[in-house]
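Position in the sequence shown (from 1) plus 230 gives the number in this note's numbering. In what follows, a single structure is set out as structure tokens and then discussed.
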Amino acid sequence: MTRPIRGRLALTAVVLTGAGLLVYGGLRDTLTYYRTPAEITTDQEARHTRTRLGGEVVPGSVRRDGGQTLFRLAADGHEITVRQRGVPPETFREGQGAVVEGLLGPDGVFRSDQVVVRHGNEYRPAGRESPPGAAG
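Below, the structure written as structure tokens:
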């Protein structure tokens with residue numbers, strides 16, 4: 231292989247590597263991967279690493295305590311208590327999916343500072359019935 235071809239290949243490799251790192255860095259914070267209550271409670275690293283936890287808000291578990299909201303998230307038959315700092319979004323409801331971000335405490339309570347409400351792709355204004363003939 232001649233010297234100019236090797237130089238071009240090396241330059242191409244450097245450019246592609248740099249582009250890949252930029253794409254990875256840009257996407258890393260936009261992807262919303264989350265773990266389930268069972269995964270969080272069995273992983274010792276979860277106590278030291280900021281993590282996203284997802285599940286359904288257990289009906290009857292939401293209560294306010296000063297500037298915090300306490301509730302339980304459930305998925306696949308496992309539950310975990312969440313202590314949310316601040317007020318969750320207006321769309322936060324019991325029986326609905328949510329993803330919280332934070333750390334698992336030594337007492338087994340997940341301490342969150344961010345809540346993202348998961349919802350379906352179907353929109354209905356509050357107090358409105360489904361259109362005639364629609365399933366739901």
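Note that CB positions come from ideal geometry on N, CA and C, so glycine has one too.
Along the beta strand (DSSP E) that carries A305, what are the first and last residues, could you check?
Q298 to A305
Relative to the C-alpha of H278, which candidate in G338, V346 and V347 has its C-alpha closest?
G338
Report the rounded CA-to-CA distance for T271 versus E286, giving the unit in angstroms.
Answer to the nearest angstrom: the Cα atoms are 16 Å apart.
Could you have a look at V245 and say whether DSSP puts it in helix, strand or coil?
helix
In this structure, how does DSSP classify G250 when only helix, strand and coil are distinguished?
helix
Between G332 and F322, which are expected to be in contact by the criterion C-beta below 8 Å, what is the C-beta distance as a whole number of angstroms?
Rounded, the Cβ-Cβ distance is 15 Å, inconsistent with contact.
Roughly how many angstroms separate the alpha carbons of G335 and T242, rounded to a whole number?
47 Å
Would you decide whether G366 is buried or exposed? Buried here means 16 or more other CB atoms lie within 10 Å of its CB.
With a pLDDT of 47 at G366, under the threshold of 50, the modelled position of that residue is not reliable, and no figure is offered here.
How would you call I310, buried or exposed, if buried means at least 16 neighbouring beta carbons within 10 angstroms?
Answer is buried; the Cβ neighbour count reaches 16.
If you draw a straight line from the C-alpha of R282 to the C-alpha of V317, how long is it?
18 Å
Is DSSP giving Q274 helix, strand or coil here?
helix
Quickly, what does DSSP pair V312 with across the bridge? List them, please.
F301 and F340
Might you give, ordered along the chain, the residues of its own chain that have their beta carbon closer than 6 Å to the beta carbon of V346, omitting 5 neighbours on each side?
Once the five neighbours on either side are set aside, the close Cβ partners of V346 are V329.
Buried/exposed call for P267, threshold 16 Cβ in 10 Å:
buried
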